[in-house]
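**Student:** Quick one: this structure, given as structure tokens, is what I'll be asking you about.
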Amino acid sequence: MNKTLNEKQRWYWKKNIRLIASLLVVWAIVGFGGAILFAEPLNDVQFLNVSLSFWLAHQGSILVFILLILIYALRMDKLDKKYKSMVKDGDVN
Amino acid sequence: MSVEVITIILVLITFAIYTGIGWWSRVRDTSNFYVAGQNVPTLANGAAIAADWMSAASFISMAGLVAFLGYDGTIYLMGWTGGYVLLALLLAPYLRKFGKFTVPDFIGDRFYSNSARAVAAIATIFISLTYISGQMRGVGIVFSRYLQVDIIVGVLIGMAIVGFFALLGGMKGVTWTQAIQYFVIIIAFLIPAVAISLQLTGNPVPQLALTTSDIVDRLGQIQIDLGMTEYMAPFTDLSLINVFMVTLALMAGTAGLPHVIVRFYTVKSVRAARWSAVWAIIFIGLLYLTAPAVGAFAKYNLIDTIADKPIEEVQSIDWVNKWETTGLLQLEDRNGDGMVDFSGGEDNEVIIDGDIIVLSTPEVANLSPFIIALVAAGGLAAALSTASGLLITMTSAVSHDIYYRIFNKEASEAQRLRVGRITLLIALLIAAYVGINPPGFAGEVVALAFGLGAASLFPVILLGIFDKRMNKEGAIAGIITGLAFTLIMIGAILSESIFGTDGPLLNSFFGINAQGVGVIGMILNLIVSFIVSRLTPAPPAEIQQLIENVRAPEDDDAEKAVSNG
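From first to last, the protein sequence lines are chains W and A. So the first sequence is numbered by UniProt numbering: it starts at 1 and just counts up by one. So the second sequence is numbered by UniProt numbering: it starts at 1 and just counts up by one.
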């Protein structure tokens, strides 16, 4: 392999970092925002038979965590495919 | 047939299956012993991660903890699942790409230092040992309550089974056994949950019944009537800052637990590591979405069964009687009015250990003896699967990281395997000893394991991947700062139970309790390693090359190998 990452590999890494960052923003907003920092105001919002923040704290956040990990795996599969077709088309490596 | 007989039969059947798998997947080389030949399909690996992760604490204790903490029980529900987001996005794919055997392998190679390797190995051993003691308590509870045997006998039987298939099958045997154990665990958890949900709400899906039925509301009302805290209101048991910090510490600690991280080394490729994480969180989430429902339903049922009832009537209930003899449930008519007063105040006459919530649910709900036996088998599967994963992790830290990588680089495959098996035997004996004589501060020790994981391994691996400029000096300074701060703080805050001082040396660190203080250790670790690394020389060229390689996409050959997995 090359001494440093080539242009396409750098592009791949940048895409990866951007995806991770945006998923972690959601992780923080739902888990630490909705269920903890804004727990008191959201406790007055009704969600079915419980309050919204209670649902987030006990179940909602877990569902979001599952989705985040699933989205990461799906998006990275797509990125891998895109990268491979770029390598095939180009003359890198 | 009595509950005890059915339990013995069911436990024997499951143990026979585990043993059979251990025999079927016996191994002869170190790669199979430590990382199952990196050949485990993603779905099986996901189930194995879930069983490895869901210990006696998740199966037996968590729903009870949530039942008593109410809203604030989120520290466990989110803390023990949210860490997988960190693990799946930030650590797992890169550690798989790096592709060695253990966590100390990565830290030692990335920071080109045997001291870093040794520190990581010692942290691994310490974290795993503290964890094992908790598992053995779970085994002890199940055996003493359901098989009516002595705890010592129960622990010895459990250790013999774990030892047998771990010695024989190594990581390969453990992985396949754990995959089967996951299904025992989840079935044993879901069946009583469905039954109690049907009984209380008429809805067979407990996860939905939590929000669609009025049980949480009714539970909240009863609790207020009895003078307890409101179930649905946040921060009644813990302050906002503590809920925040403890949740974050448990998440970072989860991502820093070596026995979980090492699971991602056992699959074929980076892509398989990402999908293992998906399966793992789905499998884990299934139990964690059910636990808050079980907690709320069981607590409602329990209060409804015993509160304000004549004490003689309550004590004549079979399960009350049996749990009273274990000492985990205590009833005392202190004011002599002949009634059971269950409240949050001074006049409370019920002392109940949260650990019995899940185990007693089928009995409180009058379910058939078969289901009661199934729950016992599930509790054992949870404790044993985690214990075996921890044993392998500890063994590899000693025989691979310390013996082979530091002391005897010439060691042959056979020698390393032999040292591995001897270490495993010693670890087994220590674990059995801790199980029979549990330290009085077992709960505190678990807080310590997560705090140390969060303050040491997690930030170091993170920086090793994402900060190319991070060097040996920075990493070592960071680990030492994080570990020292966290150890001192936890020691000072919990000095009463650990060192036996009169009262704690420190009440809290600016309002943060012992469970959450690892977050501060983690932040100090990050700051110190950043500053020190910028003041000292950059890592050598071949290390920078290693990081580039870890970041680069997988090569085409490895990709082809995955497509059929």
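We put the CB at the ideal spot given by N, CA and C, even for glycine. In this text the structure is predicted, and so the values were computed from the model without any measurement.
Quick check on valine 45 of chain W: does DSSP put it in helix, strand or coil?
**Tutor:** Looking at valine 45 of chain W - three-state DSSP - the assignment turns out to be coil, as it is neither helix nor strand.
**Student:** For isoleucine 62 of chain W and chain A, any beta-carbon pair shorter than 9 Å?
**Tutor:** It does; some Cβ of chain A falls within 9 Å.
**Student:** Would a check of beta-carbon distances place leucine 12 of chain A closer than 9 Å to chain W?
**Tutor:** With 9 Å as the cut-off, leucine 12 of chain A does not count as an interface residue toward chain W.
**Student:** Go ahead and pull the three-state DSSP assignment for phenylalanine 509 of chain A.
**Tutor:** Phenylalanine 509 of chain A falls in the strand class under three-state DSSP.
**Student:** Along the chain, where does the alpha helix (DSSP H) that runs through valine 260 of chain A open and close?
**Tutor:** Element bounds for valine 260 of chain A: 258-261.
**Student:** Answer yes or no: does any C-beta atom of chain C fall closer than 9 Å to that of glutamate 40 of chain W?
**Tutor:** In the structure shown, chain C cannot be found, because the protein chains are W and A.
**Student:** Three or more C-beta pairs under 8 Å: does that hold for the region 245-254 of chain A against the region 71-91 of chain W?
**Tutor:** Taking 8 Å as the limit for Cβ pairs, the verdict is that the region 71-91 of chain W does not touch the region 245-254 of chain A.
**Student:** Between lysine 84 of chain W and chain A, is there a C-beta pair that is closer than 9 Å?
**Tutor:** So yes, lysine 84 of chain W belongs to the interface.
**Student:** Mind reading off the beta-carbon distance from isoleucine 17 of chain A to isoleucine 180 of chain A? Whole number of angstroms is fine, and I expect it under 8 Å.
**Tutor:** Indeed they touch by this definition, with Cβ atoms about 6 Å apart.
**Student:** Could you tell me which chain W residues have their CB closer than 8 Å to the CB of methionine 136 of chain A, listed as they occur along the chain?
**Tutor:** What methionine 136 of chain A touches in chain W: nothing, since even the nearest Cβ is about 28 Å away.
**Student:** From what residue to what residue does the beta strand (DSSP E) around isoleucine 351 of chain A run?
**Tutor:** Element bounds for isoleucine 351 of chain A: 350-352.
**Student:** Decide if aspartate 557 of chain A is buried, meaning its Cβ has at least 16 other Cβ atoms within 10 Å, or exposed.
**Tutor:** Confidence at aspartate 557 of chain A is low in this model, with a pLDDT of 41, below 50, so its placement is unreliable and no value can be given for it.
**Student:** Does the distance from the C-beta atom of leucine 329 of chain A to that of valine 350 of chain A stay below 9 Å?
**Tutor:** Yes. Within cutoff.
**Student:** For a quick check, are the C-beta atoms of alanine 195 of chain A and proline 93 of chain A less than 9 Å apart?
**Tutor:** Cβ atoms of alanine 195 of chain A and proline 93 of chain A: not closer than 9 Å.
**Student:** For valine 267 of chain A, would you say it is in contact with chain W, using Cβ-to-Cβ distances shorter than 9 Å as the test?
**Tutor:** No, no contact with chain W.
**Student:** Whole angstroms is fine: what's the gap from asparagine 6 of chain W's alpha carbon to tyrosine 72 of chain W's?
**Tutor:** Roughly 24 Å between the two C-alpha positions.
**Student:** Applying the criterion that 16 or more other CB atoms from any shown protein chain within 10 Å of the CB defines a buried residue, is glutamine 199 of chain A buried or exposed?
**Tutor:** So glutamine 199 of chain A counts as exposed.
**Student:** Do the region 390-410 of chain A and the region 107-123 of chain A touch if we need at least three Cβ pairs shorter than 8 Å?
**Tutor:** Segments in contact, yes.
**Student:** Would the region 486-497 of chain A and the region 210-226 of chain A be scored as touching if the rule is three or more Cβ pairs under 8 Å?
**Tutor:** No: fewer than three Cβ pairs fall under 8 Å.
**Student:** What are the residues that DSSP puts in a beta bridge with proline 310 of chain A?
**Tutor:** Looking at the DSSP assignment, proline 310 of chain A forms a beta bridge with A/Met339.
**Student:** Of the choices A/Ile352, A/Ser533, A/Leu190, A/Thr212, whose alpha-carbon is the least far from that of alanine 67 of chain A?
**Tutor:** Minimum Cα distance to alanine 67 of chain A is reached at A/Ile352.
**Student:** Determine which residues of the region 42-74 of chain W have a Cβ less than 8 Å from any Cβ of chain A, and write them out in chain order.
**Tutor:** Listed in sequence order: Asn43, Phe47, Leu48, Asn49, Val50, Ser51, Ser53, Phe54, Trp55, Ala57, His58, Gln59, Ser61, Ile62, Leu63, Phe65, Ile66, Leu68, Ile69, Leu70, Tyr72, Ala73.
**Student:** Taking the alpha-carbon positions, what's the alanine 280 of chain A to isoleucine 191 of chain A distance?
**Tutor:** Each residue's Cα considered, the two are about 21 Å apart.
**Student:** Give a yes or no on contact between the region 222-231 of chain A and the region 85-101 of chain A, applying the rule of three or more CB pairs nearer than 8 Å.
**Tutor:** No contact exists between the region 222-231 of chain A and the region 85-101 of chain A.
**Student:** Between isoleucine 29 of chain W and chain A, is the shortest Cβ-Cβ distance under 9 Å, so that the two count as touching?
**Tutor:** Closer than 9 Å: no.
**Student:** What does residue 101 of chain W reach in chain A if we use C-beta pairs closer than 7 Å?
**Tutor:** Residue 101 of chain W is absent from the model: chain W starts at 1 and stops at 93.
**Student:** At a CB distance below 7 Å, what residues from the region 414-426 of chain A approach chain W? Give them in sequence order.
**Tutor:** From the region 414-426 of chain A, no residue has a Cβ closer than 7 Å to chain W.
**Student:** Taking alanine 475 of chain A as the reference, give the member of A/Trp24, A/Leu10, A/Gly64, A/Tyr112 with the closest Cα.
**Tutor:** Comparing Cα positions, the closest option is A/Tyr112.
**Student:** Give the secondary structure of glutamine 330 of chain A by DSSP, where H, G and I count as helix, E and B as strand, and everything else as coil.
**Tutor:** In the structure shown, glutamine 330 of chain A sits in a strand (DSSP, three-state: E or B).
**Student:** Cβ closer than 9 Å: which chain A residues qualify as neighbours of aspartate 77 of chain W?
**Tutor:** Result: Arg271, Arg274, Trp275.
**Student:** Whole-angstrom Cβ separation of serine 144 of chain A and threonine 14 of chain A, contact assumed at under 8 Å?
**Tutor:** About 18 Å separates the two Cβ atoms, so there is no contact after all.
**Student:** Counting only beta-carbon separations shorter than 9 Å, does residue 107 of chain W have a partner in chain A?
**Tutor:** For residue 107 of chain W there is no data in the structure shown, the boundaries of chain W being 1 and 93.
**Student:** From what residue to what residue does the alpha helix (DSSP H) around leucine 106 of chain A run?
**Tutor:** According to the sequence shown, residue 106 of chain A is phenylalanine rather than leucine. Element bounds for phenylalanine 106 of chain A: 103-110.
**Student:** Does the beta carbon of phenylalanine 499 of chain A come closer than 9 Å to any beta carbon on chain W?
**Tutor:** It does not: the Cβ of phenylalanine 499 of chain A has no partner Cβ on chain W nearer than 9 Å.
**Student:** Between which two residues does the alpha helix (DSSP H) containing lysine 472 of chain A stretch?
**Tutor:** 472-493 is the extent of the alpha helix (DSSP H) around lysine 472 of chain A.
**Student:** Which first and last residues belong to the alpha helix (DSSP H) in which arginine 469 of chain A is found?
**Tutor:** Here arginine 469 of chain A belongs to no alpha helix (DSSP H), and DSSP marks it neither H nor E.
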